[in-house]
Amino acid sequence: VHAPTASAMRKAGEVATPLHNNCSGKHAGMLALSKYLGALGQDYRDIEHPVQQLNLLNLAALAEVAPASIPVAVDGCSVPTFALPLQAAARAFSRRNSSFADGAANTSL
């Protein structure tokens, strides 16, 4: 909680909503991608949704692991989250902003 913002909201009589959560940008991005993919009418939080499948495939490509080997859970804000062994996670993060140009990780919209 950002104390100055919480204080200002209390003084203004405002109540925190999910839009004030620090993950609202993540959800907005998923909704935007869902619209772009033509899948806006579906629940983007479902692991079978095209947005989540694209997330899974890109992570698997960056980490050099099979998508089926990645455990999936639901995070605190209702969307799939993926688990990787530390070495695979490090590999994925090291490639995230690099010139890695093979496979699904090079998906452009």
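If you read the sequence shown in our numbering, its first letter stands for residue 3, the second for the next number, and so on. Ideal Cβ placement from N, Cα and C applies to all residues, glycine included.
Distances from the CA of A65 to each of N57, D48, R93 and Y38 were compared; the closest alpha carbon is that of R93. In this structure, the CA atom of A30 is about 20 Å from the CA atom of V17.
The alpha-carbon of K37 is positioned some 22 Å away from that of V76. Residue pairing for V17: DSSP places it in no beta bridge.
Taken through DSSP and simplified to helix, strand or coil, V53 comes out as helix.
If you look at A30, you'll find it isn't in any beta strand (DSSP E); it sits in the alpha helix (DSSP H) that goes S26 to Y38. In this structure, the alpha-carbon of G15 lies about 18 Å from that of N23.
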